[in-house]
Amino acid sequence: AQSVTQPDIHITVSEGASLELRCNYSYGATPYLFWYVQSPGQGLQLLLKYFSGDTLVQGIKGFEAEFKRSQSSFNLRKPSVHWSDAAEYFCAVAPFGNEKLTFGTGTRLTIIP
Amino acid sequence: DAMVIQNPRYQVTQFGKPVTLSCSQTLNHNVMYWYQQKSSQAPKLLFHYYDKDFNNEADTPDNFQSRRPNTSFCFLDIRSPGLGDAAMYLCATSRALSRENQPQHFGDGTRLSIL
């Protein structure tokens, strides 16, 4: 069965600084990979997804993620964070042909002035 | 805008009193999901409908049931809510294709409190 690890439970970043959130997955083949963001009291919003092709994926709100097969990683990055980026971020994986997502435990992002 | 709508946003019920949460979608997606999310945890899939086919997760308690009367609507019924069922319940939809997985679109959730 697939699994997702987000090793950082909580990250604090200064506004304007760069950000990288880590995600590692365990799966026998290349899975479908997603990053979702959840603001307090809200549902999950899709930031970006990777299915195949270019390993650097651009998403909404200035986020990008890079798929590295050799490291089984799909880290999320943003060059300059804004206060509105404070939220919970979930990495998720789904095997090919199976619509069920497996989520990581999430990383809470705090932005300080 | 096409979307996933959950009602109500907040629901309070009494211990043991049945409660129904609703989800509707205007995306015409054929797959609908229900997740339970407890505080500071990842969403946990309870079950999903692939068209009319119901798929229950092995560890979903019998206390949780679901109905999908048509493509647009899906309901989550909790027959006898316990204190441990207090959580955010998220509905999601996706358009399953044979060649690739389409991402899931989430509603804003219903926060359920048990008195």
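Protein chains in written order, with my numbering: chain E, -6 to 106; chain L, 49 to 163. Don't be surprised by glycine CBs; every beta carbon is placed ideally from N, CA and C. These numbers were taken from a predicted model, which means no experiment stands behind them.
For the beta strand (DSSP E) holding residue i, just list the boundary residues, first then last.
i	result
L:M80	79 to 85
L:A140	135 to 142
L:S72	67 to 73
L:R115	112 to 115
E:K42	37 to 43
Under a CB-based cut-off of 9 Å, is residue i close to chain L?
i	result
E:Y82	no
E:L94	yes
E:L39	yes
E:T(-2)	no
E:K54	no
E:R101	yes
E:K71	no
E:K42	yes
E:G46	no
E:T5	no
Step through the CB atoms of chain E and report whether any lies within less than 9 Å of the CB of residue i.
i	result
L:V79	yes
L:G155	yes
L:R116	no
L:A140	yes
L:K56	Inspection of the sequence shows that residue 56 of chain L is occupied by Pro rather than by Lys. Cβ-Cβ to chain E under 9 Å: no for L:P56.
L:L94	no
L:P151	yes
L:V52	yes
L:S72	no
Please classify residue i: does DSSP put it in a helix, a strand, or coil?
i	result
E:S73	coil
E:I53	helix
E:Q64	helix
L:L131	helix
L:D101	strand
L:D125	strand
Cα separation between residue i and residue j?
i	j	result
L:A135	E:Y20	29 Å
L:L75	L:A144	12 Å
L:D133	E:H75	35 Å
E:T107	L:G157	Chain E is shown only over -6 to 106; residue 107 of chain E falls outside these bounds and no answer can be derived.
L:S142	L:L131	31 Å
L:F63	E:Y29	33 Å
E:A79	L:K86	19 Å
In the stretch 9 to 36 of chain E, which residues sit with their C-beta less than 8 Å from some C-beta in chain L, listed in chain order?
Cβ contacts with chain L come from Y25, F27, Y29, G34, Q35, G36.
Relative to chain E, which residues along the stretch 123 to 140 of chain L have a C-beta separation below 9 Å, given in chain order?
M136, L138, C139, A140
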